[in-house]
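Chains as they are written, first to last, in the working numbering: chain A, 1 to 344; chain B, 1 to 344.
For glycine and all other residues, C-beta sits at the position ideal for the given N, C-alpha and C.
The structure under discussion appears below in the form of structure tokens.
There are 2 protein chains.
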Amino acid sequence: MKRPTLVSLARELGVSRQTVSNVLNAPHLVKPETRERVQAAITASGYRPNVAAQSLRKRRSMTLAMRIYPTLDGINGAVMDRFLHHLVDALRGRGYHLLLVTADSFDDEVEVLRDMHERGRIDGCILTDSHVDDDRPTRLADDGLAVCAFGRPWGRTDEASHIWVDVDGAAGTRKATEHLLRAGHRRIAFLGWTDSSDVGNDRRRGWEDGLRAAGLPGEALELRTESVDRFQAGFEAAERLLSRGADAAVCASDSLALGALEAFRRRGITLFPRAPIVGFDNTPIASASGLSSVDQCVEDAAEALTARFTAHLSRQGPSPTSEAGARLLEPELVVRELGSLFTP
Amino acid sequence: MKRPTLVSLARELGVSRQTVSNVLNAPHLVKPETRERVQAAITASGYRPNVAAQSLRKRRSMTLAMRIYPTLDGINGAVMDRFLHHLVDALRGRGYHLLLVTADSFDDEVEVLRDMHERGRIDGCILTDSHVDDDRPTRLADDGLAVCAFGRPWGRTDEASHIWVDVDGAAGTRKATEHLLRAGHRRIAFLGWTDSSDVGNDRRRGWEDGLRAAGLPGEALELRTESVDRFQAGFEAAERLLSRGADAAVCASDSLALGALEAFRRRGITLFPRAPIVGFDNTPIASASGLSSVDQCVEDAAEALTARFTAHLSRQGPSPTSEAGARLLEPELVVRELGSLFTP
Numbered sequence: 001m002k003r004p005t006l007v008s009l010a011r012e013l014g015v016s017r018q019t020v021s022n023v024l025n026a027p028h029l030v031k032p033e034t035r036e037r038v039q040a041a042i043t044a045s046g047y048r049p050n051v052a053a054q055s056l057r058k059r060r061s062m063t064l065a066m067r068i069y070p071t072l073d074g075i076n077g078a079v080m081d082r083f084l085h086h087l088v089d090a091l092r093g094r095g096y097h098l099l100l101v102t103a104d105s106f107d108d109e110v111e112v113l114r115d116m117h118e119r120g121r122i123d124g125c126i127l128t129d130s131h132v133d134d135d136r137p138t139r140l141a142d143d144g145l146a147v148c149a150f151g152r153p154w155g156r157t158d159e160a161s162h163i164w165v166d167v168d169g170a171a172g173t174r175k176a177t178e179h180l181l182r183a184g185h186r187r188i189a190f191l192g193w194t195d196s197s198d199v200g201n202d203r204r205r206g207w208e209d210g211l212r213a214a215g216l217p218g219e220a221l222e223l224r225t226e227s228v229d230r231f232q233a234g235f236e237a238a239e240r241l242l243s244r245g246a247d248a249a250v251c252a253s254d255s256l257a258l259g260a261l262e263a264f265r266r267r268g269i270t271l272f273p274r275a276p277i278v279g280f281d282n283t284p285i286a287s288a289s290g291l292s293s294v295d296q297c298v299e300d301a302a303e304a305l306t307a308r309f310t311a312h313l314s315r316q317g318p319s320p321t322s323e324a325g326a327r328l329l330e331p332e333l334v335v336r337e338l339g340s341l342f343t344p
Numbered sequence: 001m002k003r004p005t006l007v008s009l010a011r012e013l014g015v016s017r018q019t020v021s022n023v024l025n026a027p028h029l030v031k032p033e034t035r036e037r038v039q040a041a042i043t044a045s046g047y048r049p050n051v052a053a054q055s056l057r058k059r060r061s062m063t064l065a066m067r068i069y070p071t072l073d074g075i076n077g078a079v080m081d082r083f084l085h086h087l088v089d090a091l092r093g094r095g096y097h098l099l100l101v102t103a104d105s106f107d108d109e110v111e112v113l114r115d116m117h118e119r120g121r122i123d124g125c126i127l128t129d130s131h132v133d134d135d136r137p138t139r140l141a142d143d144g145l146a147v148c149a150f151g152r153p154w155g156r157t158d159e160a161s162h163i164w165v166d167v168d169g170a171a172g173t174r175k176a177t178e179h180l181l182r183a184g185h186r187r188i189a190f191l192g193w194t195d196s197s198d199v200g201n202d203r204r205r206g207w208e209d210g211l212r213a214a215g216l217p218g219e220a221l222e223l224r225t226e227s228v229d230r231f232q233a234g235f236e237a238a239e240r241l242l243s244r245g246a247d248a249a250v251c252a253s254d255s256l257a258l259g260a261l262e263a264f265r266r267r268g269i270t271l272f273p274r275a276p277i278v279g280f281d282n283t284p285i286a287s288a289s290g291l292s293s294v295d296q297c298v299e300d301a302a303e304a305l306t307a308r309f310t311a312h313l314s315r316q317g318p319s320p321t322s323e324a325g326a327r328l329l330e331p332e333l334v335v336r337e338l339g340s341l342f343t344p
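If you want it as structure tokens, here you go:
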């Protein structure tokens with residue numbers, strides 16, 4: 001059987017080609033009875049409009065691009081994978097597709113996205129790994145490309161230059177700190193990262209705020225370490241903190257928390273039923289080992305970003321300069337009990 | 001400045017529109033001097049052909065699709081992420097783009113890919129998660145969509161129905177077994193999965209072959225367990241195997257291996273400098289903890305699959321029915337020493 005076209009459908013139905021086209025592209029222009037009849041025939045015929053022809057006519061490819069990074073030598077990449085899956089799902093529900101790109105640097109990323117935009121391959125892009133003095137959003141917007149970001153514009157005063165959604169890391173570590181305070185701990189340490197990244201500083205701030213709000217003395221804020229994001233580093237950091245009197249730990253990552261778990265066990269601290277340790281990112285390894293952890297709720301983040309960005313792309317709002325264009329989501333604390341693997 | 005077009009470029013250079021088009025699309029038809037002059041002018045002008053127009057003319061979108069799955073509740077998803085990154089990179093080098101799709105089932109995946117193909121959005125697709133009686137390749141090929149797979153056609157007799165690349169899991173566990181045999185172990189257990197998946201059976205076979213080739217008695221092959229793919233399960237399985245006399249373990253995953261590591265340590269078995277345990281997939285957690293593991297070399301797999309599939313798409317070979325269309329890659333054994341975290 002020959003594949004149906006607009007013309008063959010129109011002939012079969014006794015309407016004009018334009019009417020069939022309108023049913024597909026501007027249904028409000030067509031009388032309801034006609035619209036229903038034509039739509040039913042289109043569905044029955046298996047007609048699929050060619051996306052290249054649609055793209056040329058509408059000047060929209062219904063495709064967005066996002067860069068993926070090489071897997072880091074840690075266990076935290078799992079968060080971006082979860083985000084990616086839910087993003088593709090949320091975009092699919094709104095008729096958009098996601099193209100992946102790789103790049104060697106932020107400059108290269110801008111070049112790659114610019115080139116795809118100039119060729120009409122993409123309508124917009126989703127940036128991740130936001131950082132201080134991140135000029136990607138303005139450079140790409142100058143080129144006419146629609147931009148959104150999973151990650152807030154760190155240190156920017158004009159936070160409304162593009163649509164963004166982020167997770168409030170400080171709120172997460174504060175919840176973790178309050179959880180440990182409620183369990184009776186007063187010497188709660190923080191295991192952070194060496195590189196003073198915005199994300200890392202944000203997570204430390206939540207712990208500080210939690211301790212201050214509980215009225216703990218200023219010296220409680222000194223019970224912290226900075227290290228690379230590895231098991232072994234978390235183990236060594238926790239050993240130092242234990243010798244300084246720590247009785248619980250909030251960690252910037254699950255990698256650090258798992259190292260800390262081992263240090264606590266060797267020190268003979270009761271880990272049953274719950275370890276006085278909270279990780280961050282709720283990675284599969286946290287659930288596999290029974291470690292409590294802060295969950296970024298990336299499903300919600302993917303949905304919130306998709307809803308805002310696709311509404312903006314179809315010019316039904318919000319604009320990047322409106323308050324609705326930005327959103328900080330509250331993460332959740334997942335409290336777990338350790339399996340017998342970690343009990344004495 | 002107005003964006004250059006084929007016509008404005010041709011006028012500027014004093015050649016026909018067709019000549020400029022030929023330089024872009026069929027350079028072998030143009031005299032070398034003209035080709036160089038026109039190519040230089042195209043580059044200098046910043047001209048970018050519209051991909052939708054190219055797609056309509058060439059009936060090729062230069063875009064492929066691949067389904068991504070939700071992150072599993074384990075630590076092994078990291079392998080697919082590494083594959084994905086290298087795949088996008090390898091495709092980029094050959095002018096192809098990768099679109100991600102999500103689906104609820106294999107049937108849904110076929111429907112989604114078929115629809116994208118009928119709309120001219122994709123030229124081909126990359127399947128993963130091959131399984132016995134997998135009818136996706138033939139169903140999609142019947143529809144005219146080019147198909148390749150990361151994963152061999154398990155249990156199929158006509159293995160040449162589509163291009164595929166896979167990693168030889170049995171070769172990996174055999175290497176792991178030989179490594180432990182060389183270290184003097186004779187009671188080498190295998191920790192496998194409960195679901196008798198093709199991948200799991202393949203990994204077990206490599207261990208069996210290694211033991212048989214070393215001339216060990218048949219009862220050595222009974223030193224194995226099946227469990228779910230979790231730390232705790234690996235720990236419990238290893239405890240049972242240790243009480244049956246095991247002195248080393250080859251595992252179907254890093255999750256199981258990390259559980260086994262803990263069981264060996266509690267039993268007082270020397271883990272220094274190297275644990276007599278080998279995991280599978282060389283996940284970030286293996287490198288973070290100092291665990292030896294079989295690496296699937298997914299970078300090579302992504303490159304091999306991309307090279308074969310893009311050559312096939314541009315009709316420069318190999319065809320799926322040729323031997324060159326299929327390839328089984330040999331994984332590597334990464335031997336590590338444990339950090340002090342796991343030493344007594």
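Might you give, ordered along the chain, the residues of its own chain that have their beta carbon closer than 8 Å to the beta carbon of residue i, omitting 5 neighbours on each side?
| i | result |
| --- | --- |
| residue 153 of chain B | 130, 134, 137, 159, 161, 162 and 164 |
| residue 17 of chain A | 6, 7 and 10 |
| residue 274 of chain B | 183, 292, 335, 336, 337 and 338 |
| residue 281 of chain A | 76, 78, 79, 253, 254, 293, 294, 295 and 296 |
Can you tell me whether residue i is helix, strand or coil according to DSSP?
| i | result |
| --- | --- |
| residue 337 of chain B | coil |
| residue 197 of chain B | coil |
| residue 256 of chain B | helix |
| residue 16 of chain A | coil |
| residue 218 of chain A | helix |
| residue 228 of chain A | coil |
| residue 60 of chain A | coil |
| residue 162 of chain A | coil |
| residue 104 of chain B | coil |
| residue 130 of chain B | coil |
| residue 285 of chain A | helix |
| residue 248 of chain A | strand |
| residue 272 of chain A | coil |
| residue 291 of chain A | coil |
From residue i to residue j, what distance separates their C-alpha atoms?
| i | j | result |
| --- | --- | --- |
| residue 15 of chain B | residue 37 of chain B | 11 Å |
| residue 81 of chain B | residue 168 of chain B | 19 Å |
| residue 179 of chain B | residue 302 of chain A | 45 Å |
| residue 147 of chain B | residue 120 of chain B | 15 Å |
| residue 309 of chain B | residue 127 of chain B | 12 Å |
| residue 329 of chain A | residue 177 of chain A | 18 Å |
| residue 66 of chain B | residue 100 of chain B | 5 Å |
| residue 287 of chain B | residue 336 of chain B | 8 Å |
| residue 223 of chain A | residue 246 of chain A | 7 Å |
| residue 122 of chain A | residue 98 of chain A | 9 Å |
| residue 28 of chain B | residue 34 of chain B | 11 Å |
| residue 172 of chain A | residue 208 of chain A | 12 Å |
| residue 155 of chain A | residue 285 of chain B | 33 Å |
| residue 233 of chain A | residue 279 of chain A | 14 Å |
| residue 331 of chain B | residue 306 of chain B | 18 Å |
| residue 277 of chain A | residue 70 of chain A | 29 Å |
| residue 357 of chain A | residue 48 of chain B | The structure shown does not extend to residue 357 of chain A, since chain A is modelled only from 1 to 344, so the question has no answer here. |
Using a C-beta to C-beta distance shorter than 7 Å, which residues of chain B count as neighbours of residue i?
| i | result |
| --- | --- |
| residue 100 of chain A | 88, 98 and 100 |
Excluding the five sequence neighbours on either side, which residues of its own chain have a C-beta within less than 7 Å of the C-beta of residue i, listed in chain order?
| i | result |
| --- | --- |
| residue 231 of chain B | 255, 258 and 259 |
| residue 238 of chain B | 191, 249, 259, 260, 263 and 264 |
Who are the near neighbours of residue i in its chain, counting only those whose CB is closer than 6 Å to its CB and skipping five residues on each side?
| i | result |
| --- | --- |
| residue 89 of chain B | none |
| residue 114 of chain A | 143 |
Counting only beta-carbon atoms, is residue i nearer than 8 Å to chain E?
| i | result |
| --- | --- |
| residue 81 of chain B | Structure shown: chain E not included; protein chains present are A and B. |
So residue i contacts chain B; which residues on that side make the cut at Cβ distance below 8 Å?
| i | result |
| --- | --- |
| residue 123 of chain A | Simply none; closest approach about 12 Å. |
Give the residues of chain A in contact with residue i, contact being defined as C-beta atoms less than 7 Å apart.
| i | result |
| --- | --- |
| residue 120 of chain B | 50, 51 and 52 |
Under 9 Å Cβ-Cβ, which residues of chain A neighbour residue i?
| i | result |
| --- | --- |
| residue 115 of chain B | 48 |
Residues of chain A with CB under 8 Å from residue i, in chain order?
| i | result |
| --- | --- |
| residue 426 of chain B | Nothing about residue 426 of chain B can be reported from this structure: the residues present for chain B run from 1 to 344 only. |
Selection of the stretch 217-238 of chain A by Cβ proximity to chain B, strictly under 7 Å: Flagged, chain order: 230, 231, 232 and 235.
Proximal residues, the stretch 273-289 of chain B versus chain A, C-beta separation under 9 Å: If the cut-off is 9 Å between Cβ atoms, the stretch 273-289 of chain B has 283, 284, 285, 287, 288 and 289 near chain A.
Any C-beta of chain B within less than 7 Å: which residues of the stretch 25-51 of chain A qualify? Taking 7 Å as the Cβ-Cβ cut-off against chain B, the residues of the stretch 25-51 of chain A that qualify are 48, 49, 50 and 51.
Output, in sequence order along the chain, the residues in the stretch 298-309 of chain B whose CB is closer than 9 Å to any CB in chain A. So nothing in the stretch comes that close.
Contact list for the stretch 252-276 of chain A against chain B, Cβ threshold 9 Å: Of all residues in the stretch 252-276 of chain A, those with a C-beta nearer than 9 Å to a C-beta of chain B are 255, 258, 259, 262 and 263, reading in chain order.
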